[in-house]
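Notes for the one structure printed next.
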Amino acid sequence: MAHDVLLIEDSPTQAAQIKATLESVGLQVRVAYDGPDGLRMVLEQKPALIVLDVKLPTMDGFQVCRRLKRAPETASIPVIMLTEKDGAQATMSGLQAGADDYIPKDIFATEHLMNTLQELGLMS
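Under the working numbering, the very last position in the sequence shown is 130; numbers go up by exactly one each time.
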């Protein structure tokens, strides 16, 4: 049974790379390119996981995460923030917004993401 993942990432190039990585371990991935679209897609078809970029147009990833975690119908969906904004302050902001994990986009990002997917039981 493939788990459904919603990726919210405004860069088509990065979205394609992350989608390919997730699909390589058997996950089904849908992509939203901004926060409002992502929020709408979450409500339409509750994913098993949300992978969320911080730098998004119109509404940033922290705002999207807070909205998801405040709404009873989406609060239990794990959110992994995957972002170029690293550093302690950004990580704290992500975790305070309710993210289940915060992964800087660096050379270890894919490995870190795979470990988190295993911990969440989304990878066999």
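C-beta: ideal position from N, C-alpha, C; glycine also.
DSSP three-state assignment for residue i, whether helix, strand or coil
i: Q20; result: helix
i: P42; result: helix
i: T97; result: helix
i: T27; result: helix
i: M129; result: coil
i: G67; result: helix
Residues bridged to residue i (per DSSP)
i: I56; result: L12 and V85
i: R36; result: L12
Cβ-Cβ separation, residue j to residue i (assumed contact under 8 Å), whole Å
i: L58; j: I14; result: 5 Å
i: T27; j: L119; result: 7 Å
i: G41; j: Q69; result: 6 Å
i: D106; j: I86; result: 6 Å
Range covered by the beta strand (DSSP E) that runs through residue i
i: D107; result: D107 to P110
Span of the alpha helix (DSSP H), counted from its first residue to its last, around residue i
i: A115; result: A115 to E125
Contact under 7 Å by Cβ, residue i with residue j
i: G100; j: K75; result: no
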